[in-house]
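J.: Those protein sequence lines, which keep their order, are chains Z, P and V.
Residue numbers for the first sequence, in the working numbering: 13 to 323.
Residue numbers for the second sequence, in the working numbering: 18 to 350.
Residue numbers for the third sequence, in the working numbering: 1174 to 1508.
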Amino acid sequence: MMKRIALTVATALLSLAAAQTIGITQNNVGVDSYQTTYEQAFIEYAAELGVDTVVLDAGGDEARQIAQMQDLIQQEVDAIIIWPTNGQAVVPVVRQADQAGIPVVVTNSNIAEQGFDFIESFSGPDNITQGARSAEIMCDRLTERGLAETGVIVEIQGQPGYTTAIERSDGFQDRFVEVCPDVELLESQPGDWNREKSQRVMENFLVKYDTIHGVYSGDDNMGVGALNAAKDAGRADGITFVGATNFAVGYEAMERGEYWGSIYQSPVDDARNALDTALAILDGEDVPFLNYFDTPKITQDNQSEFTKPVF
Amino acid sequence: MSTTATQTKARTQNPVTRILGRILKEQPIWLFVPALVLFFSLAPATSEYFFDLKNFGNILLQAVPIGVIALGMTFVMINGEIDLSVGATVALAASLAVGLQGALGIFPAVAVGLAVGTALGVLNGTIVYRTGVDSFIVTLGAMLGIRGLVFIYTQEQSFYAFDFAYSDFGLSTIGPIPVVGLIFLAITAVLAWVLRSTRHGRDTYAVGGNREAALNAGVRIGRHVIINFALIGFLAALSGVLLSTQLGASTPNMGMLFELWVITAVVLGGTKLDGGRGSILGTLGGVLAIQILRNGLNLMQVPAFWVLVILGSIMIGVLFIDRQAEIRKQAAR
Amino acid sequence: MTQTVATPPPTWQERGLKLLRDQGILIAFLLLVIALAFASDRFLTANNLLGVIRQVSILGTLALGVTFVVIGGNLDLSVGSMLSLTTVLVVDLHDKIGPGPAILITILVALVIGAINGGLVGYLRLNSVIVTLGMLSVLQGATLIYTGGKNVDIQNQDATWFAFFGRGQLFTIGDVNINVPVVLFLGLAVVLGIVLHKTGFGRKVFAVGGNPVAANYSGLRSSRIVLYTYMMSGFTVAIGAIILGSRVMGSQNNVGEGWELRVLAAVILGGTSLLGGSGSIFKTVIGVLIWGVIQNGLLLLGAPYYAQWIVTWIIMIVIVWLDLASRRGRLWAAT
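(1) Who are the near neighbours of residue 134(Z) in its chain, counting only those whose CB is closer than 6 Å to its CB and skipping five residues on each side?
(2) Among 1254(V), 1263(V), 1360(V), which residue has its Cα nearest to the Cα of residue 1274(V)?
(3) Are the C-beta of residue 151(P) and some C-beta of chain V separated by less than 8 Å?
(4) In whole angstroms, what is the alpha-carbon distance linking residue 317(P) and residue 304(Z)?
(5) Which of the residues in the segment 313 to 329 of chain P, read from start to end, lie with their CB under 7 Å from any CB of chain Z?
(6) Kindly list the residues whose CB is nearer than 8 Å to the CB of residue 1279(V), restricted to its own chain and excluding five residues on each side of it in sequence; keep chain order.
(7) Applying a beta-carbon distance threshold of less than 8 Å, which residues of chain P neighbour residue 80(Z)?
(8) Note down, in chain order, each residue of its chain lying with its Cβ closer than 6 Å to the Cβ of residue 280(Z), except the 5 sequence neighbours on either side.
(9) Do you know offhand how far residue 320(Z)'s Cα is from residue 206(Z)'s?
(10) If you run the structure through DSSP and keep just helix, strand and coil, what is residue 233(Z)?
(11) Leaving out five residues on either side along the sequence, give the residues of the same chain with a beta carbon under 7 Å from the beta carbon of residue 333(P).
(12) Helix, strand or coil: which one does DSSP assign to residue 238(Z)?
(13) Any idea which residues DSSP pairs residue 135(Z) with across the strands?
(14) Examine the Cβ distances between the segment 191 to 208 of chain Z and the segment 1420 to 1428 of chain V and report whether three or more of them are shorter than 8 Å.
(15) Compile a chain-ordered list of the residues in the segment 168 to 181 of chain P whose CB is closer than 9 Å to at least one CB of chain Z.
(16) What residues from the segment 1420 to 1438 of chain V come within 9 Å of chain Z, judged by C-beta to C-beta, listed N to C?
(17) Ignore the nearest five residues each way along the sequence and tell me which others in residue 1463(V)'s own chain have a CB closer than 6 Å to its CB.
(18) Interface residues of chain V around residue 129(P) at Cβ under 7 Å?
(19) Take the Cβ of residue 297(P) as the centre, count every other Cβ of all protein chains shown within 10 Å, and call the residue buried at 16 or more, exposed below.
(20) Identify whether residue 51(P) lies in helix, strand or coil by the three-state DSSP scheme.
(21) Residue 220(Z) versus chain B: which residues are under 7 Å apart at the beta carbon?
(22) Residue 99(Z) touches chain P at which residues, Cβ-Cβ below 8 Å?
(23) Please report the Cβ distance between residue 254(Z) and residue 272(Z), rounded to the nearest whole angstrom; I am assuming they are in contact, meaning their Cβ atoms lie under 8 Å.
(24) Is there a Cβ from chain V that is less than 8 Å from the Cβ of residue 237(Z)?
(25) For residue 69(Z), decide whether its Cβ has a neighbour in chain P, counting only Cβ atoms nearer than 8 Å.
(26) Please name the residue in 48(P), 64(P), 107(P), 58(P) whose C-alpha comes closest to that of residue 249(P).
(27) On the three-pair Cβ rule with 8 Å, is the segment 138 to 149 of chain Z touching the segment 185 to 193 of chain Z?
(28) Work out the CA separation of residue 1469(V) and residue 95(Z) for me, nearest whole Å.
(29) Who are the neighbours of residue 155(P) on chain V, taking C-beta pairs under 8 Å?
(30) Can you tell me which of the three DSSP states residue 1347(V) falls into?
(31) At which residue ranges does the segment 115 to 143 of chain P contain complete beta strand (DSSP E) runs of 3 or more residues, listed in the order of the chain?
(32) Check residue 227(Z) in the structure and name its three-state DSSP category.
(33) Any contact between the segment 1219 to 1238 of chain V and the segment 1352 to 1367 of chain V? By contact I mean 3 or more CB pairs, one from each, below 8 Å.
(34) May I have the straight-line CA-CA distance separating residue 1195(V) from residue 149(P), to the nearest angstrom?
(35) Are three or more beta carbon pairs between the segment 238 to 246 of chain Z and the segment 210 to 220 of chain Z nearer than 8 Å?
(36) Rounded to the nearest angstrom, what separates residue 1205(V) and residue 1199(V) at their Cα positions?
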């Protein structure tokens, strides 16, 4: 404890002498607009606050992320923000950073519980709650349509093996049987966060099942792919589409009345929250350990309360 | 130029220059590696952190996952075959080694991972040899199928090594040199010897160079093909285990795209895809070149998008220089 | 040259064996279709079968061009990230300069990239695997730099004639819709089949791939032929990108990721040799259809995705093996 206080004092003193440097290693910038917008928002916000940053991207590869963590430790940055490629795999290297006296903040998706001792805080959305909220949106809508007893739905998941994909799917499935126990989830297949792939998956669902009342997709990008397939087959009218991470295309499809609902999650909030958390820690402030930012439900009914996503 | 003239000329040079000259002629990649080191040591953006024993340790450590497999790929490619399934084997072996630790203990679990990797290598090699189906197709299929096995075994889950001794090993060092890196260098030395100085090594070249001639000379082709696939299966599994000691965990998506980077490193090191030619020393150079580039570009804070462009261009550039050297060599003859 | 002794007409048995030898892959394909028809009553419907062809039309279009490269004795591993770049390009330019110019520029860019690949491989004689792997990385980076990592979307999706390529329907037979992607893929297959098998250029591709040294000595300009094969590959990627962009009306930066190996798998499944000098467009079409039927059939059977991967593993090897075995007349390659 003394060591940590001494360290905080030392960093505080250092920060008077030189600007603080914060290193960040991200999961996979460019794989989707969310992560790209996050990176831009992060860089802009850091410039606004006058904080020096080292911005790295692991390209979705755990090994490369570990290498980048080691490089950041080598450069003796003041704090590290990590967007884990995998919640389990980064624990040892996070522990290494902790042992080197560098505070670590986890952003966007959390690391495994075993690593909690070695991080200062988690800043990001709660993916399990997001899945649960999507389940509620879906169930409410099906109930409105009078399908609470007879409805059948399908699910298109994110890329297999990735934490966000697993958590959203689990959150959705667990909550859905609670709120709509009589609606059957016919099948779940991965769409790999890819619109074209989920379009293909949906085409096969449409051939296989004569009746589908709802489609839950792990994000709006895949959801719009499913919508495309259903429109092509002339069956979009009878289907409730619910997604997560509201994309601009999803927002527009909601405006057109083709897409029902999603979860509103702003990458700008995400990035700012992470940098604020890291700076607060460097200043010695008290920060909640799980520093979630809110990700509300968005549907055709309330979308006017939200600005259109920029990605 | 007459032969006697060349000999006299060679004799007048001092032995160090001669050996150096030979290395550079045989493995132009070894021109490139020191050039990179020099560049990043002098460049203002990286000079502060790059030329540092600890950083060199990091580079070595980071080179291990691709490097270990690349050693095996060198054998397979000299043999005239290819193995695209290595990335999936990395994930399977790591998942087994970490996932079974709780039930079996660390060492038996690691042994199971390595054994399964080796067995899959034997399976690949046997199918390639016995059915005559191109190894590209056999291992491309295996790349999908083995990844399928990973997801069946893990049920999509990542596994966590509860015993910190496991990840402490992966991150441990002797002086500034990481232990995992030393293991890699030791294997490199052993395999360089095997390829150069054993019957199996020589026959591997012979089979890749001219299969008919090797057959006529009484070389048992099948045995060498299967041994080499077993070797790369084992090394891919070892790479997975070593990587999982660094991660302290396994994930079902580990090793994605490793096959492409491994092949790149091996070919940069001068091994020819159509078989018969190549060396372990060259492969080591190829592996280090890629990792030094990545490390240096990271330290330079080159945006990730540009890193891809630079890496790709340099790959083609090195190949071009290699080709020019070869043309000159042929012209000199 | 001709034998004076009249050979007896072949018996049915001999004809059957010859058919098996020449069209082993086709027969394996038909067996696969029959098996799936028994397994799922949804499989053998006109709409589903056309759906399969539509789903593989992009993969198939790319495979047509790659067939030229492979027969010419080289590989093209850059088609995946080239697909990403060109799809992003056609979608992004659509709203900026209109669909017509966007399509033209996209095709042009793809031809230039193909020419760079072909120049490096054909004229400088660099190893095609590394050249195109390097290009894979370069183009992936170029795509991300171009978009800044963001998705691109076409704004007014219902108002553009660009929708024709990926979503249009040409005509309807009964309740079966004939889609434009299907017609584009099969039409291109016919045209490129003629180019490869009925023209002087096609013969030179085979000659260069079969024996590059001999082709050089016999006066064929092998460098130029290799260049053209890569430009052909670039061209088909551009067509694939147009279909993909039109179908999705948007693009991510990594849409083509992993396609290079899938395309090659389809080409080789059809029986085109990786060593160059042999193969055909027809074989590639069959290879592409096999790939599509496996994926579609397993999804219809409701197999989880990992089971699909394992079954694909087995089927891929068995199909190529049976084809080889029928040609050499015995099951095992070596004793």
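Positions of the beta carbon are idealized from the N, C-alpha and C atoms, including for glycine.
These numbers were taken from a predicted model, which means no experiment stands behind them.
T.: Per the coordinate set shown:
(1) Residues 118, 122, 302 of the same chain have their beta carbon placed closer than 6 Å to that of residue 134(Z), with the five preceding and five following residues left out of the count.
(2) Nearest option by C-alpha distance: 1263(V).
(3) True, the Cβ-Cβ gap to chain V drops below 8 Å.
(4) It is roughly 33 Å from the alpha-carbon of residue 317(P) to the alpha-carbon of residue 304(Z).
(5) For the segment 313 to 329 of chain P, which is checked against every Cβ of chain Z, the residues closer than 7 Å are 315, 316, 318, 321, 322.
(6) Excluding residues up to 5 positions away in sequence, 1259, 1262, 1263, 1266, 1411, 1414, 1415 lie with their Cβ nearer than 8 Å to the Cβ of residue 1279(V) in the same chain.
(7) Chain-ordered, the chain P residues with CB closer than 8 Å to the CB of residue 80(Z) read 315.
(8) Result list for residue 280(Z): 53, in chain order.
(9) So the two alpha carbons sit approximately 21 Å from each other.
(10) Reduced to three states, the DSSP call for residue 233(Z) is helix.
(11) Nothing meets the Cβ criterion.
(12) Three-state result, residue 238(Z): helix.
(13) Under the DSSP definition of a beta bridge, residue 135(Z) partners with 119(Z), 303(Z).
(14) Enough Cβ pairs lie closer than 8 Å, so yes.
(15) Within the segment 168 to 181 of chain P, the residues whose Cβ lies closer than 9 Å to some Cβ of chain Z are 168, 171, 173, 174, 175, 176, 177, 178, 179, 181, listed in chain order.
(16) From the segment 1420 to 1438 of chain V, only 1420, 1421, 1422, 1423, 1424, 1425, 1426, 1427, 1428, 1430 have a Cβ closer than 9 Å to chain Z.
(17) Result list for residue 1463(V): 1202, 1442, in chain order.
(18) Listed by position along chain V, the residues whose Cβ is nearer than 7 Å to that of residue 129(P) form an empty set, because the closest Cβ is around 20 Å away.
(19) It counts as buried.
(20) Per DSSP, reduced to three states, the secondary structure at residue 51(P) is helical.
(21) The structure shown contains no chain B; its protein chains are Z, P and V.
(22) Result: 175.
(23) Confirmed, about 6 Å.
(24) Yes, because at least one Cβ of chain V sits closer than 8 Å to the Cβ of residue 237(Z).
(25) So, interface residue.
(26) Nearest of 48(P), 64(P), 107(P), 58(P) to residue 249(P), Cα basis: 107(P).
(27) In short, these stretches touch, since the Cβ pair count reaches three.
(28) Between residue 95(Z) and residue 1469(V), the C-alpha separation is close to 36 Å.
(29) In chain order: 1490.
(30) In this structure, residue 1347(V) counts as coil in the three-state DSSP scheme.
(31) The segment 115 to 143 of chain P contains no whole beta strand (DSSP E) run of 3 or more residues.
(32) For residue 227(Z), the secondary structure class from DSSP, reduced to helix, strand or coil, is strand.
(33) Three or more Cβ pairs drawn from the segment 1219 to 1238 of chain V and the segment 1352 to 1367 of chain V lie within less than 8 Å of each other, which places the two stretches in contact.
(34) When rounded, the distance between both Cα atoms is 18 Å.
(35) The segment 238 to 246 of chain Z vs the segment 210 to 220 of chain Z: in contact.
(36) For residue 1205(V) and residue 1199(V), the distance between alpha carbons rounds to 10 Å.
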